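Taken in sequence, the protein lines are chains E and W.
Residues in the first sequence are numbered from 1 upward in steps of one, following the working numbering.
Residues in the second sequence are numbered from 429 upward in steps of one, following the working numbering.
Even glycine gets a Cβ: it sits at the ideal position worked out from N, Cα and C.
Every value quoted in this text rests on a predicted model; they were computed, and no experiment measured them.
Since the structure comes first, as structure tokens, the remarks are kept for the end.
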Amino acid sequence: MTKKIKLSELGSLFGGEIQALEGVKIEGDVEIDLGQTGMNPQMAYALGHETAQLAHHLINISRILGYPVDQMLGAAPAKPARLSKLIESKFSVGKIEEWKTPIQEVVLGATSSDGGTRKSTITLGGETALPYYFDSPMPHRNHITMDVFDMPINMAKAVKSNYEDVINSPAEWAKKVVRDFGADMVTIHLISTDPNIKDTSPKEAAKTVEEVLQAVDVPIVIGGSGNPEKDPAVLEKAAEAAEGERCLLASASLNLDYARIAEAAKKYNHVVLSWTQLEINAQKELNRKLMKQCGVARENILMDPTTAALGYGLDYAYTNMERIRLAGLMGDTELNFPMSSGTTNAWGARESWMVSSPLKEDSDWGPREYRGPIWEIITGLTLSLAGNDLFMMMHPTAVQVLKEITQTLYGGKESEPVNIDNWTSAVI
Amino acid sequence: MKLNSPLQVYKYLPQINCAECGDATCMAFAAHLIDRSKKLDDCPPILKNEYKKKYTELQTLLAPEIREITIGTGEHAKSIGGDDVLYRHQLTFFDPTAFAYDVWDTMPEAEFVERINKITNFRKFYVGKFLKVDMVAVRCVSGDPLKFAGAVKKASETTKLPLILCSFDPAALKAALEVVRDKNPLIYAATEKNWGEVADLALNYKVPVVLFSPDLDKLKSLALTFREMGMKDIVLDPGTYPQGKKLKETFEKFIMLRRAGIKEGQKDIAYPIMAVPLNAWLVYKDTVTASYWETVLASVFTVRYGDIMILHSLEPYAMLPEVHIRDTIYTDPRTPVKVAPGVNEVGSPTKDSPVIVTTNFALTYYTVESDLSSNKINCYLAAVDTDGIGVEAAVAGGQLTAAKINDTFQKANFDFKDKTSHGTLILPGLAARLQGDVEDVTGLRVMIGPPDSGRIPGWMEKSWPPKPK
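And the structure:
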């Protein structure tokens, strides 16, 4: 055991008679460590430590006064035995027995053999463990669908610069994200249908969907404007125009006429995105209603439990998704569906688009051109670890990096061997 | 910890309800020990000699599954490890991942000092506090123990942050330890080859030590051996491979180690885990690419069980997401995140600017605030104290009421006659049903905003300024 003497306790060591120590300058309550190993005050003194010098002086005083200082210093317990050989050992760890229920597999897109016109389809879900865990491999990799809007919208500068040439043509925009940016899918957001924006009619909006379907041959997501009164009619018309294509209809939620959207999905062979706001019980409720009340088949449901940006509620979004996924794996059949994330929400974080910090106390935020994409990447990556399958994204660099890391963790990336045994001395 | 109910803890407590801990009863204190919001030493009676046996027993039973170790000294000392759960919703994660940024002994001195100062002074304001980084890792690139010791000395003179001494050469570690022995640095690392000498150093200098081996059998061997020799302050580095299948394996090893420690109670490897995202720089040379990939690795291992990590990039676009993802994962999910209630200015409001009401749930508040500021809407934004509950739930639950709203403006000395030309306040769309009440209580004109603050710009165009009555 280490013995410590506080200066205030020195009085007792000296019999309570010494009022001041001549020639010793003391500031504050100095602790003198009389530990058993190494910290021999004489040696430390030689090394020039200020406190050690102090200790040395004090010990000298004690010695002069006749206290058995050297015995105290020498009274350390025996050193622990040194081993000459490593203790042999094997490491092992079990798998999680409770993960018995697979996540529902959902196919997006339909080829000509299934009544659609897509060149290929995408399968999501099927997991029987948390993503990338060794318990069991993920059957399908993560996928990314890139945003296309039916009218020019406000975008962060770093995003907008990629789309200026196609901003007035959803079809060209869709082509560009597939051809140039490696999008697995395209989301056409029919935001102009919002009565507060352009109030585009469902019939007009459906034409845009047709254009996009003709422009690209990947599966697509059809998004409304988010207006709960208008969206059911818009999605219904769009679903009809895209009959048989197994599009993802975004979204059914508890605050609109979800039954009408569910009906459209059933009638025209599409998948419903079940969207709730950061509330696991609401997600259960909506999924249950879609299945039981509306009769949507399990293989036609995907969930969007809401994505909040890094720094703006991602902790809620992350934990909500992780709880949903764990509940699903452990047998909650109202929650074991693949998940989708509106990762684009990351661009709502001021760190992703503001020129500089509004607070002068902050360290320099650096160039925003680099901040934005990484904000989108980390938001998506965090949710991928919670179990998210499909990512709705905007920035090409963010898409590439998120693909790289999710596919690496999925096990789909080879690399040259890297020697990490010398990082401490690496010149970087 | 080995106990999971207050009743089990209660058996070991003095059971005298003296309330010295601040709780009225020993049972209430027991509940705080279980949720780890209080420490056993907060109970003065149990520290007395008569309870010594129970104290010791209980302390062992309450110890977290993952050993908690401390690096550094004084107010900047950092504890790492200390976790009891695999998922944050099961309790919360303790001891946020310690971020150490590197310097190396071949740097010119001015650059060396500047870099350390940059690390020490980094800060990012967030929800009422500053996010900071924690440590400086000094790497021995020169291969010269004396030069390394000199750099370590300079580092310790430049910053009070804890240090990590990084070299596989025991002679270099020894030379460095001589100059910072009283600073409780972490030494990196003992391996299959040098473990005997590094063990001597860790024992002699009483410092925490990292064990490195990508082979988990070997890593466990090292841990068992060090423990047998009397060392408890151990950190495990299973090796962070920056790419490909090896990176996937690294990820799996982190899961395996933590699952073994927490779920299976394998004490032999229940130590904090180190990640080295810096290894991204071994494969990418371009600053932006390497910084991006390093940030990606840092995020993966912040989410999945890294307790301490060594990083290189000081680019703001790397450090900002890093400190935010750590805050995301380590924020206690048991307490709703709140902002201080009050009336705040967004932009530069004038007498004609709107006065908008929201709750003090941090997520709601910051969302509304950023919707307003990003659209350059100058206004007053009132955060009503709803105990950190969002608008819809607070209206339903009675935390957002006309009286509470009135109270918020009164406490802030916000006089509508003085501050505004319009005497109007705007309620969130989701609180529309409070309109009549608020009019009655405040005597103000009350307008109903959109249900989503993202639509405030459109709403403003249509509805603001209010038409004269």
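Chain order gives no chain E residues near W/Asn-432, where near means a beta carbon separation below 8 Å; the closest approach is about 18 Å.
When C-beta distances to chain E are compared with 7 Å, the residues of the region 678 to 692 of chain W below that value are Phe-679, Glu-680, Ile-683, Met-684, Arg-687, Ala-688 and Glu-692, in chain order.
Interface with chain E (7 Å Cβ-Cβ cutoff): W/Trp-892 is excluded.
In the displayed model, W/Ser-584 falls within a helix according to three-state DSSP. Inter-residue distance for W/Thr-587 and W/Asp-628 is about 27 Å (C-alpha atoms, whole angstroms). Within 9 Å of the CB of E/Trp-365, the CB atoms of chain W belong to Lys-552, Pro-744, Tyr-745 and Leu-748, in sequence order along the chain.
When the alpha-carbon of W/Ala-600 is set against those of W/Lys-581, W/Ala-830 and W/Arg-551, the nearest one is in W/Lys-581.
Look at W/Asp-645: its C-beta is under 7 Å from a C-beta on chain E.
Bridge pairing for W/Arg-567: W/Trp-532 and W/Cys-594 [DSSP]. Excluding the 5 residues flanking it on each side, E/Tyr-268 has same chain C-beta neighbours closer than 6 Å at Ala-239, Glu-240 and Glu-243, in chain order. At a Cβ-Cβ threshold of 7 Å, W/Ile-662 and W/Tyr-699 count as neighbours. Residues of chain E whose Cβ lies closer than 8 Å to the Cβ of W/Gly-886 are, in chain order, Asn-196 and Ile-197. Ranked by how close their Cα comes to the Cα of E/Glu-105, the residues E/Asp-332, E/Arg-298 and E/Thr-382 have E/Arg-298 in first place.
For W/Thr-786, the CB contacts under 8 Å within the same chain, skipping 5 residues up- and downstream, are Thr-792, Tyr-793, Val-796, Leu-809, Ala-810, Ala-811, Val-812, Val-819, Pro-856 and Ser-881 in chain order. Chain-order list of chain E residues neighbouring W/Ser-727: Ile-378, Leu-381 and Thr-382, by C-beta distance under 7 Å. In the structure shown, W/Cys-454 falls within a helical segment according to DSSP collapsed to helix, strand and coil. Using beta-carbon distances, W/Tyr-793 does not count as an interface residue toward chain E, since no partner is under 7 Å.
Taking each of E/Val-212, E/Val-399 and E/Leu-235 in turn and checking the Cα distance to E/Leu-381, the smallest one comes out for E/Val-399. Rounded to whole angstroms, the Cβ separation of E/Ser-384 and E/Thr-406 is 5 Å, and the two are in contact under 8 Å. Listed along the chain, the chain W residues whose CB falls inside 9 Å of the CB of E/Lys-413 are Gln-671, Gly-672, Lys-673, Leu-675 and Lys-676. Proximity to E/Leu-278 across E/Glu-322, E/Lys-289 and E/Asn-300 peaks at E/Glu-322, based on C-alpha coordinates. Annotated as proximal: E/Val-209 and E/Ile-222, with beta-carbon spacing under 7 Å. In the DSSP assignment, W/Phe-844 falls within the alpha helix (DSSP H) that extends over 844 to 847. About 46 Å separates the CB atoms of W/Phe-842 and W/Val-728; that is not less than 8 Å, and the two are not in contact. If you ignore the 5 residues before and after E/Trp-173, its C-beta comes within less than 8 Å of the C-beta of Val-148, Phe-149, Tyr-163, Val-166 and Ile-167, all in its own chain and listed in chain order.
Within the DSSP secondary-structure output, W/Thr-525 pairs in no beta bridge. The DSSP-derived three-state label of E/Val-93 is coil. As computed with DSSP, E/Trp-365 is found in no beta bridge at all. Looking at the DSSP output, E/Thr-123 sits in a beta bridge with E/Val-107. By the Cβ criterion, the region 556 to 571 of chain W is in contact with the region 517 to 534 of chain W, since at least three pairs of Cβ atoms, one from each stretch, lie closer than 8 Å. A contact is defined here as three or more CB-CB pairs under 8 Å, and the region 640 to 654 of chain W meets this definition with respect to the region 89 to 100 of chain E. Proximity to E/Leu-273 across E/Asn-255, E/Glu-263 and E/Met-303 peaks at E/Met-303, based on C-alpha coordinates. Counting only unbroken stretches of 4 or more residues, the alpha helix (DSSP H) elements lying wholly within the region 789 to 863 of chain W are 790 to 802, 819 to 825, 830 to 839 and 844 to 847, in sequence order. Under the three-state reduction of DSSP, W/Phe-682 is assigned to helix.
Each residue's CA atom was taken as its position, placing W/Phe-682 and E/Leu-130 some 14 Å apart.
Residue range 170 to 179 is occupied by the alpha helix (DSSP H) that includes E/Glu-172.
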